[in-house]
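Working notes, structure below.
Number of protein chains: 2
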Amino acid sequence: MSEENLEVEKEKILNFIENKKFNDLRKYLEDVNPADFPSMFEELEEEEQVLLIYRLLSKEQAAEVFAELDSDVQENLINAFTDKELKNIVDELFMDDTVDLIEEMPSNVVKRILNNINKTDRKVINELLNYPEDSAGSIMTTEFIDLKENMTVEEAFNKIKKIGLQKETVYNCYVLSVDRKIKGVIDIKELLIAERESKLKDIMDTNVLTVSTLEDQEEVAKMFDKYNMYALPVVDQENRLVGIVTIDDAIDVMQEETSEDFELMAAMTPTEETYFKTGVFKHAKNRIVWLLVLMLSSMVTGSIITHYEEAFAAVPVLVAFIPMLMGTGGNCGSQSSTLIIRGLAMDEIRLKDYFKALWKEFRVSIVVGIILAIANGIRICMQYQDPKLALVVGLTIIGVVMLSKALGCSLPMLAKKLKLDPAIMAAPLITTIVDTCSVLLFFQIAVAILHI
Amino acid sequence: MSEENLEVEKEKILNFIENKKFNDLRKYLEDVNPADFPSMFEELEEEEQVLLIYRLLSKEQAAEVFAELDSDVQENLINAFTDKELKNIVDELFMDDTVDLIEEMPSNVVKRILNNINKTDRKVINELLNYPEDSAGSIMTTEFIDLKENMTVEEAFNKIKKIGLQKETVYNCYVLSVDRKIKGVIDIKELLIAERESKLKDIMDTNVLTVSTLEDQEEVAKMFDKYNMYALPVVDQENRLVGIVTIDDAIDVMQEETSEDFELMAAMTPTEETYFKTGVFKHAKNRIVWLLVLMLSSMVTGSIITHYEEAFAAVPVLVAFIPMLMGTGGNCGSQSSTLIIRGLAMDEIRLKDYFKALWKEFRVSIVVGIILAIANGIRICMQYQDPKLALVVGLTIIGVVMLSKALGCSLPMLAKKLKLDPAIMAAPLITTIVDTCSVLLFFQIAVAILHI
Chain A
69 MSEENLEVEK EKILNFIENK KFNDLRKYLE DVNPADFPSM FEELEEEEQV LLIYRLLSKE
129 QAAEVFAELD SDVQENLINA FTDKELKNIV DELFMDDTVD LIEEMPSNVV KRILNNINKT
189 DRKVINELLN YPEDSAGSIM TTEFIDLKEN MTVEEAFNKI KKIGLQKETV YNCYVLSVDR
249 KIKGVIDIKE LLIAERESKL KDIMDTNVLT VSTLEDQEEV AKMFDKYNMY ALPVVDQENR
309 LVGIVTIDDA IDVMQEETSE DFELMAAMTP TEETYFKTGV FKHAKNRIVW LLVLMLSSMV
369 TGSIITHYEE AFAAVPVLVA FIPMLMGTGG NCGSQSSTLI IRGLAMDEIR LKDYFKALWK
429 EFRVSIVVGI ILAIANGIRI CMQYQDPKLA LVVGLTIIGV VMLSKALGCS LPMLAKKLKL
489 DPAIMAAPLI TTIVDTCSVL LFFQIAVAIL HI
Chain B
69 MSEENLEVEK EKILNFIENK KFNDLRKYLE DVNPADFPSM FEELEEEEQV LLIYRLLSKE
129 QAAEVFAELD SDVQENLINA FTDKELKNIV DELFMDDTVD LIEEMPSNVV KRILNNINKT
189 DRKVINELLN YPEDSAGSIM TTEFIDLKEN MTVEEAFNKI KKIGLQKETV YNCYVLSVDR
249 KIKGVIDIKE LLIAERESKL KDIMDTNVLT VSTLEDQEEV AKMFDKYNMY ALPVVDQENR
309 LVGIVTIDDA IDVMQEETSE DFELMAAMTP TEETYFKTGV FKHAKNRIVW LLVLMLSSMV
369 TGSIITHYEE AFAAVPVLVA FIPMLMGTGG NCGSQSSTLI IRGLAMDEIR LKDYFKALWK
429 EFRVSIVVGI ILAIANGIRI CMQYQDPKLA LVVGLTIIGV VMLSKALGCS LPMLAKKLKL
489 DPAIMAAPLI TTIVDTCSVL LFFQIAVAIL HI
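Protein sequence lines correspond, in order, to chains A and B. For what it's worth, this note's numbering labels the leading residue of the first sequence as 69, then goes sequentially. For what it's worth, this note's numbering labels the leading residue of the second sequence as 69, then goes sequentially.
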């Protein structure tokens with residue numbers, strides 16, 4: 069919903085409340101998409117208004133809306149709920165949403181939630197809570213459709229009709245053996261176009277992609293992207309089906325991992341909270357570590373400059389080129405590292421492609437370096453009428469571009485090789501290294517050519 | 069598939085070919101996922117091997133595999149195909165994949181493709197080709213399930229059974245009026261759990277989210293993320309349903325838009341090609357424009373330094389702090405701009421939040437600035453025993469951090485306000501601006517405090 073619509077919406081709702089037209093409000097709310105409630109609630113200033121609206125929703129809608137809310141709104145609501153209301157919500161929520169909720173809430177709220185869950189569900193939830201963070205097990209849901217291979221299509225339809233409502237998806241159904249191992253998967257489309265008397269074993273696809281409960285969620289998300297699936301079965305160590313990851317959760321993981329890469333690449337400690345939900349000191353903490361490290365490393369560059377004090381005392385104009393050289397080196401390195409980091413994340417670049425990538429960067433840096441050197445040479449000749457200076461700066465630029473592109477290509481791949489996140493080898497770190505090298509190179513070349 | 073598996077796979081396949089065990093090879097290929105063929109084909113050195121393997125696939129598998137291939141492999145295959153083979157493929161492909169293919173191929177190949185498409189399909193394809201690039205119309209498919217509101221569930225099942233195979237998805241079915249306007253949408257789950265004699269009008273959801281054919285694909289992808297949908301109906305200006313966007317295409321758009329942001333943020337012209345598919349000169353061209361612009365702008369910083377020649381002639385150690393100040397400013401600005409750009413892309417930050425964000429960045433920058441100033445002060449006092457110098461550098465750091473965070477917050481939002489992509493206001497541009505300001509600030513403070 070756009071910002072303007074949100075304003076209109078808010079006015080309407082406040083109007084209903086003011087005039088106590090609760091029946092009209094209830095009718096109105098029926099047509100609001102669950103995903104639009106969070107921003108609507110954010111607009112309302114008073115907590116009672118939120119609670120009032122929430123209590124007007126039907127049981128199913130209430131659960132759907134609840135799953136969409138931010139954790140602080142969820143917490144406020146739970147604290148205002150009666151036990152009966154809480155139980156209703158928890159009954160309606162899908163297992164994976166309940167697990168997400170429990171992971172976000174403070175312990176006193178968790179206790180109240182668990183008290184309002186029945187015993188069998190509590191057991192499942194406890195198991196789900198035990199999977200390591202960011203594993204396939206931690207994002208899967210246990211509510212899927214399981215069928216038997218000797219069923220007919222008609223029998224399968226009957227089973228789905230009976231249990232479908234409680235399942236998160238019916239788009240993919242899994243055919244299991246008695247010991248719950250996967251024999252095959254059936255897309256609901258196959259079921260719908262098959263003859264009613266066909267046996268499932270004749271129409272199921274026996275070639276099933278699965279992941280283990282411990283698989284990294286990033287790998288899971290990549291599989292969705294590559295194989296165009298809607299759900300991915302998750303198996304335990306005995307190869308029994310224990311849950312499925314649905315595509316909406318995979319998209320959330322993709323977005324989360326991308327945000328993490330963005331933050332790492334800008335020299336921050338990644339956080340799962342949104343910008344405004346993160347406090348000032350948390351923000352400062354996430355940013356200060358890298359800033360300190362990079363600040364201290366950039367002092368190396370400073371001491372190199374000090375070392376060449378005599379050179380720039382003799383030719384003071386040299387100092388004027390330092391920002392340009394450092395900036396260009398940083399930008400070149402950042403271009404290459406970004407392409408490599410993104411390529412690695414998208415599986416378009418693999419480790420074995422290292423020399424292929426380096427060779428490409430080498431040729432690109434020659435082209436780019438020469439163009440930049442010429443552009444600079446023209447300017448220097450015009451401004452200072454000093455071809456020797458143009459030569460010094462031009463050679464340095466070519467060297468800096470080549471070096472920064474080689475580092476930008478190599479460091480992310482080295483990180484990947486060392487099983488680190490390639491995104492840490494991004495602009496900030498590479499810039500700092502390139503800064504040092506470019507200043508050193510610059511003064512070396514200057515001393516050699518200008519004889520100072 | 070991992071790199072090692074790929075090697076094993078290749079060996080197996082070459083073995084089959086060498087021993088002319090084509091029947092075994094065909095059997096083997098049946099179990100390979102269509103999405104694994106592109107990397108398998110890439111491994112094979114000879115084009116004839118690719119063609120041989122491709123001809124062993126069943127008609128349906130062949131079309132699925134074809135849609136996954138890179139455009140250069142597609143082109144080679146089409147050139148090797150007989151007209152009959154080409155017709156088979158094109159008949160099996162979904163409309164949106166055919167359109168993608170036509171957009172990628174050179175004109176002589178396009179002519180051959182169009183000659184092998186029947187007249188009605190050709191008309192649809194021509195219409196699809198006319199939608200603007202990156203619009204909802206350009207990524208939608210026209211193959212969806214349409215039902216009538218007076219049908220019973222049983223009748224709907226019969227229709228799906230008859231036409232389902234040719235449709236890209238059966239997960240969502242659309243209930244249309246006689247003039248093809250949307251009356252409602254039915255999730256296949258609702259259909260499966262409903263009574264067979266129910267009328268569709270009683271079970272359909274009348275509150276349907278739609279987009280216009282001209283909607284930007286990025287907005288379309290955001291809707292998928294927000295509303296957890298599997299398909300989104302696309303309507304023309306008369307509000308008639310003309311196509312649907314499926315979630316797999318929405319994911320492709322998300323990835324494409326994210327890559328574009330990464331590239332823009334690293335000062336590159338975005339490209340849709342993968343890293344290795346882009347030639348050296350294309351790479352150089354994508355990178356050189358921004359590099360030249362940034363290089364020329366960083367000369368402003370250089371001339372400021374020249375302007376203060378006397379200052380650093382008097383206190384040469386000042387120059388040693390320039391890299392550190394520029395680096396810290398750049399990193400701080402890059403942190404803030406990355407968070408804001410990502411927040412805007414994810415709709416977590418809106419334009420009206422500007423002052424809220426600025427106020428947050430202001431407080432963060434005070435905390436971060438003071439910590440960095442103290443760390444630096446300690447080092448300077450230890451190394452130079454010069455508290456006045458520590459004061460100069462410390463004050464400059466605080467100023468630079470505040471300025472860079474304010475710019476990093478403001479510029480992306482300004483870009484958004486001006487309907488530009490906020491990603492252009494990222495690290496490289498902000499760094500260049502901050503560089504200039506920090507050097508200026510540094511010398512101003514130095515002159516004032518050190519009386520030089």
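The C-beta atom is built at its ideal place from N, Cα and C for all residues, glycine as well.
Taking 7 Å as the upper bound on Cβ-Cβ separation, chain B lies near residues D99, N101, A103 of the region 93-114 of chain A.
Assignment of beta-bridge partners to B/A299 by DSSP yields B/T314. Just so you know, the alpha carbons of A/G370 and B/M291 end up roughly 49 Å apart. Using a CB distance below 7 Å, no part of the region 448-482 of chain A faces chain B. Collapsing the DSSP output to three states places B/D99 in coil. A/T326 reaches chain B at T326, counting residues in chain order whose Cβ is nearer than 7 Å. Taking 8 Å as the cut-off, the beta carbon of B/M322 is found no closer than this to the beta carbon of B/A491.
Contact annotation for A/K257 against chain B: G232, V238 [CB-CB distance below 7 Å, chain order].
B/T237 and B/E98 have their alpha carbons spaced roughly 23 Å apart. The distance from the Cβ of A/I319 to that of B/D293 is about 6 Å, consistent with a contact at the 8 Å cut-off. Taking 8 Å as the upper bound for CB-CB distance, A/E377 and B/P384 are in contact here, some 5 Å apart.
Under the DSSP assignment, A/Y122 falls in the alpha helix (DSSP H) whose first and last residues are 115-124.
Taking A/F84 as the centre and dropping the five residues before and after it, the same chain places the C-beta of F90, D92, L93, Y96 closer than 8 Å to its C-beta, in chain order. Straight across, the Cα-Cα distance linking B/K235 with B/E211 is about 5 Å. For A/V432, the chain B residues whose C-beta falls within less than 8 Å of its own C-beta are V348, H351, A352, R355, listed in chain order.
With respect to the 8 Å criterion, B/V313 and B/V303 are not classified as neighbours on the basis of their beta carbons. B/V100 and A/N240 have their C-alpha atoms some 19 Å from each other. The closest CA to that of B/K251, considering only B/T166, B/T278, B/K257, is found on B/T278.
Per the Cβ contact rule, the region 476-489 of chain B is not in contact with the region 358-365 of chain B (fewer than 3 Cβ pairs under 8 Å). For A/Y295, the nearest CB of chain B lies under 8 Å from its own CB, placing it at the interface with that chain. Your pair A/L359 and B/L440 checks out as a contact, with CB atoms roughly 6 Å apart and the cut at 8 Å. With contacts defined as CB atoms closer than 8 Å, A/G232 and B/L124 fail to qualify as a contacting pair.
With contacts defined by Cβ atoms closer than 8 Å, B/E111 and B/L154 do not form a contacting pair. Close to A/Q403, with beta-carbon spacing below 7 Å, are these residues of chain B in chain order: A334, A335, M336, R355. Between B/Y422 and chain A, the shortest Cβ-Cβ separation is not below 8 Å. With a contact defined as Cβ atoms closer than 8 Å, A/M163 and A/L196 qualify at about 7 Å.
Residues of the same chain with a CB within less than 6 Å of the CB of B/S472, apart from the 5 flanking positions on each side, are G397, C400, G401, V502 in chain order. Rounded to whole angstroms, A/K353 and B/K350 show a C-alpha spacing of 41 Å. Scanning chain A for C-beta atoms nearer than 9 Å to the C-beta of B/C505 yields nothing, as the closest lies near 12 Å away.
The distance from the Cβ of B/I185 to that of B/V158 is about 6 Å, consistent with a contact at the 8 Å cut-off. Taking a Cβ-Cβ cut-off of 7 Å, the neighbours of A/A388 in chain B comprise G370, S371, I373, T374, given in sequence order. Contact between B/I513 and B/L463 is confirmed by a C-beta separation of about 5 Å, below the 8 Å threshold. Each residue's CA atom was taken as its position, placing A/K267 and A/V221 some 6 Å apart.
The Cβ of A/G411 sits closer than 8 Å to at least one Cβ of chain B. Taking the C-beta atoms as reference points, B/S139 is found nearer than 8 Å to B/E172. Residue contact check for B/T220 against chain A: no CB pair falls below 8 Å.
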